[in-house]
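Below you'll find the structure, written out as structure tokens, and then a few comments.
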Amino acid sequence: MQVYLDNAATTRLDPRVLAKMRPYLTTKYANASSIHRPGQQAFLDLTRARQTVAKLIGGEAEGIIFTASATEANNFIIKGVARANRSPKKNKIIISSIEHPCVRESALELEKEGFKIEFIPANSDGLITPAALQKLIDDTTILVSVMAVNNEIGTVADIVALAKIAHSRGAYFHSDAVQAVPYLKLDVKKMGLDFLTLSAHKFYGPKGVGLAYINRQIKIRPLIVGGGQEDGYRSGTYNIPGIIGLAVALELAYRERSAYLKKVTALRDHFWKSLKKAIPEVKLNGSRTKRVPANLNIMFGYIEGEAILIDLSFKGIHVSTGSACSATNLKASYVLRAIGLDKNFLNSNIRFSFGRFNTPAEIDYTIKCLKETVKRLRSFSPVA
Ligand SMILES: Cc1ncc(COP(=O)(O)O)c(C=O)c1O
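For what it's worth, the working numbering labels the leading residue of the sequence shown as 3, then goes sequentially.
Structure representation (structure tokens):
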């Protein structure tokens with residue numbers, strides 16, 4: 003049996019999404035910037051996809067800027083807003099201490115350019131509280147960036163409250179909502195977001211396409227220049243198949259949201275109950291209540307997460323120790339460090355992330371294998 007429990011790293015392309023993308027990969031291949039008829043048809047289809055996405059996130063179509071990834075969108079927003087709005091009175095960027103590396107590294111690059119960067123600490127539940135932001139923000143702040151859902155531990159931030167604080171000090175607010183679809187209802191206006199980031203491959207869409215939602219009233223400098231596509235905000239030939247795929251995937255995600263949440267929650271609850279019964283001394287990382295149902299980040303204690311991961315993978319079960327991006331880097335997760343995990347337990351964690359294509363039988367098989375794996379590894383452990 004092959005069991006994929008790494009849906010926070012990426013998801014399988016929904017066959018319905020592929021079906022809608024296929025014509026744009028085969029017969030409808032025109033460049034949407036071309037003036038001839040097929041080009042104009044492609045531009046029309048692009049415009050419709052943009053309108054669909056705008057409606058689903060409660061924003062204006064002209065605020066949607068398609069990119070090649072969420073990594074690019076986050077770089078564009080963090081660097082673009084900082085660089086375009088810098089002044090002798092405003093020079094500070096605030097991000098949370100548990101942001102994805104593409105936000106964190108963007109902020110660290112800005113630090114080299116002389117910007118002041120502050121990190122909002124997370125509490126032991128992995129939450130970024132409004133009080134913690136209040137302590138750091140002042141009138142020199144240009145932008146605050148806090149992710150809606152954390153990719154490693156699945157915790158959910160109170161975006162509305164955080165955005166209000168940012169605005170009350172004259173700062174703009176961005177949220178990386180890559181892990182939030184379809185768990186949170188997205189509405190940029192109601193949430194108070196000036197900027198938002200999404201990535202299609204996290205919600206059963208294709209890889210290689212993301213978006214930055216921008217408030218066009220706010221100055222932002224492009225990251226990629228060239229032919230002037232996306233109204234000059236992001237040059238590069240429009241990835242029509244990818245953009246169509248993103249729009250269809252987002253539409254399906256919200257149309258089928260309630261059944262999906264029910265399914266994923268049932269799988270997660272079944273997993274957690276069975277796990278606690280099968281294996282002693284396991285602990286959940288992050289808030290118990292303010293979390294998305296797709297994620298369980300679990301500390302096993304006494305044994306290495308990587309050893310568990312590799313053993314499980316031999317048995318056909320595919321999980322991760324944290325974010326996919328840090329999988330090639332065995333340094334302890336800075337997210338787990340930020341939530342105050344004991345240093346002896348930093349490397350003892352596995353992220354299980356559930357999705358549309360998982361079944362209860364897969365969960366039962368995983369628990370059975372996990373029980374054997376953990377028992378065996380603990381039997382070798384000098385500290386168990
Ligand atoms: C929270 C978060 N932000 C950004 C990214 C980067 O997304 P992409 O793969 O589209 O660059 C990821 C992917 O792991 C993520 O989980």
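Using N, Cα and C, we set each Cβ at its ideal position, and we do this for glycine too.
Indicate, with yes or no, if ligand 1 has a heavy atom lying under 8 Å from the CB of residue i.
i      : result
Val105 : yes
Ser98  : no
Gly212 : yes
Met149 : yes
Glu74  : yes
Ala255 : no
Lys114 : no
Ser335 : no
Ala11  : yes
His203 : yes
Thr323 : no
Lys209 : yes
Asp178 : yes
Ser71  : yes
His102 : yes
Asn241 : no
Gln181 : yes
Asn93  : no
Asn297 : no
Asn153 : yes
Thr361 : no
Thr199 : yes
Tell me whether residue i is buried or exposed, calling it buried when 16 or more other Cβ atoms sit within 10 Å of its Cβ.
i      : result
Arg257 : exposed
Asp271 : exposed
Leu392 : The first residue shown for the chain is 3 and the last is 386, placing residue 392 beyond what the model contains.
Asp16  : buried
Asp140 : exposed
Asp344 : exposed
Phe175 : buried
Phe316 : exposed
Arg378 : exposed
Glu115 : exposed
Met3   : exposed
Ala363 : exposed
Gly357 : buried
Ser108 : buried
With a threshold of 6 Å on Cβ separation, who are the neighbours of residue i within its own chain once the five nearest residues in sequence on each side are excluded?
i      : result
Gly41  : Ala32 and Asn33
Glu283 : Gly303
Gly342 : Ser126
Skipping 5 residues on each side, what residues in its chain have a beta carbon closer than 7 Å to that of residue i?
i      : result
Arg390 : With the chain covering only 3 through 386, there is no way to say anything about residue 390.
Pro132 : Asp160, Ala163, Leu164 and Ile167
Thr54  : Ala249 and Glu253
Leu298 : Arg270, Phe273, Trp274, Leu286 and Phe354
Ala134 : Ile122 and Pro123
Which residues in the same chain as residue i place their Cβ atom closer than 8 Å to its Cβ, once the five residues preceding and following it in sequence are excluded?
i      : result
Thr12  : His203, Lys204, Lys209 and Ala326
Arg218 : Glu62, Glu64 and Gly65
Lys373 : Ala280 and Ile281
Ala179 : Met149, Ala150, Val151, Leu186, Leu188, Leu198, Thr199 and Leu200
Lys91  : Asp141 and Thr142
Count Cβ pairs between the stretch 257-274 and the stretch 229-240 that sit closer than 8 Å; are there 3 or more? Of all C-beta pairs linking the stretch 257-274 to the stretch 229-240, fewer than three are shorter than 8 Å, placing the two stretches out of contact.
Is the stretch 232-250 close to the stretch 123-138, with three or more CB pairs under 8 Å? Cβ pair count under 8 Å is below three, so no.
Any 3 or more C-beta pairs closer than 8 Å across the stretch 275-289 and the stretch 354-369: Output reads yes: the stretch 354-369 touches the stretch 275-289.
Please determine if the stretch 186-204 and the stretch 49-65 are in contact, where contact requires at least 3 C-beta pairs separated by less than 8 Å. Contact holds: three or more Cβ-Cβ distances are below 8 Å.
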